[in-house]
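Here our numbering is used: the first residue of the sequence shown is 93, the next is one more, and so on.
Beneath this line is the structure, given in structure tokens, with notes to follow.
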Amino acid sequence: EQGERKGMQQGMEHERALILRLAKRKFDAAAAGRLSVFLNRIQDPEGLVEVADWIMDCDRVEELLARARNPDDS
93 EQGERKGMQQ GMEHERALIL RLAKRKFDAA AAGRLSVFLN RIQDPEGLVE
143 VADWIMDCDR VEELLARARN PDDS
């Protein structure tokens, strides 16, 4: 059980890093930095997938950050 938890945590850290890379590439390093604060609060894989979708869907960094601030509105 402890090994499963550790594996899940490692997987989520990998996902966070990938999401930040996507945000940096699509927008810029500052956007990725601001998004990282939000990502660190997400505790479930589905939440991370949702943020990755936002990056693909949003045309402007402001829209992405607004979704991160108010995820229930998206």
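Glycine included, each C-beta is placed from N, C-alpha and C at the ideal position.
- In the DSSP assignment, R133 falls outside any alpha helix (DSSP H) and carries neither an H nor an E.
- The closest CA to that of G139, considering only D164, E155, R97 and G95, is found on D164.
- When secondary structure is reduced to three states using DSSP, R152 falls in the coil class, being assigned neither helix nor strand.
- The residues F119 and A123, in chain order, have a CB closer than 6 Å to that of V153 in the same chain once the five nearest residues on each side in sequence are set aside.
- Rounded to whole angstroms, the separation of the alpha carbons of N162 and R117 is 23 Å.
- Contact between L112 and L127 holds: CB atoms are separated by about 7 Å, below the 8 Å threshold.
- Rounded to whole angstroms, the separation of the alpha carbons of A121 and V143 is 16 Å.
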